[in-house]
Each structure stands twice: as C-alpha cells, then as structure tokens.
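Note that this note's numbering has the sequence shown beginning at 1, numbered continuously upward.
Yeah, the Cβ is synthetic: ideal placement off N, Cα and C, and Gly gets one too.
Fair warning: this is a prediction, and the values are worked out from it, not measured in the lab.
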Amino acid sequence: VPKIKAALLLHYAGQDERINAGIPTFEEALKKAGTRYQIYIYEGAQHAFNNDTAPTRYNEAVAKLAWGRTIGFLTTELK
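Listed below in structure tokens is the structure:
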C-alpha cells in the first residue's frame, strides 16, 4: 500500500464475507499511507455482481450503479 500513488475506487459486494473480512485492515493501511480512496459496499450483492455471464450472481441494478460511480471517478481523477 505505501507504494500506491493513484486514487483508488473500491467496489465490494455486501455478501462476500471472505473478501470483505480484509476490508478493515486494507482501509487502515490506505489511511496510514495517505492514499486517497472511495469505497462502496453494495449490501445484498454477491461476489461477481458485475459479471453478466454469471446469472446467479449478476445484479443489474448494482452493476449499473457501480459503473456510473466508476465513470464519475475516472472523469474526476483523469482531468
């Protein structure tokens, strides 16, 4: 984390317990390093919620929300 210089946009599925277990430690390291970041946790969404080839996990509403946030983030950060 100390070597990260770019701002980060982090999207997490609310129902992804294994991955989400690491969020507090990662977030603490980001703060300690002074890394700019935005984090979103989508409650009710499963791992791979943005993968439209996995119909049991795909969540169109959440995927669209995350994509919109990604476009907004990139628009701001790449100016």
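DSSP, read as helix, strand or coil, puts Ile4 in coil.
Here Tyr42 is bridged, per DSSP, to Ala13.
Partner residues in the beta bridge of Tyr37, as assigned by DSSP, are Leu8. Of the residues assessed, Ala54 falls on the exposed side of the cut-off, its CB having fewer than 16 other CB atoms within 10 angstroms. Leu30 and Arg36 have their C-alpha atoms roughly 8 Å apart.
Excluding the 5 residues flanking it on each side, Glu77 has same chain C-beta neighbours closer than 6 Å at Ala7, in chain order. If you look at Ala61, you'll find it in the alpha helix (DSSP H) that goes 60-77.
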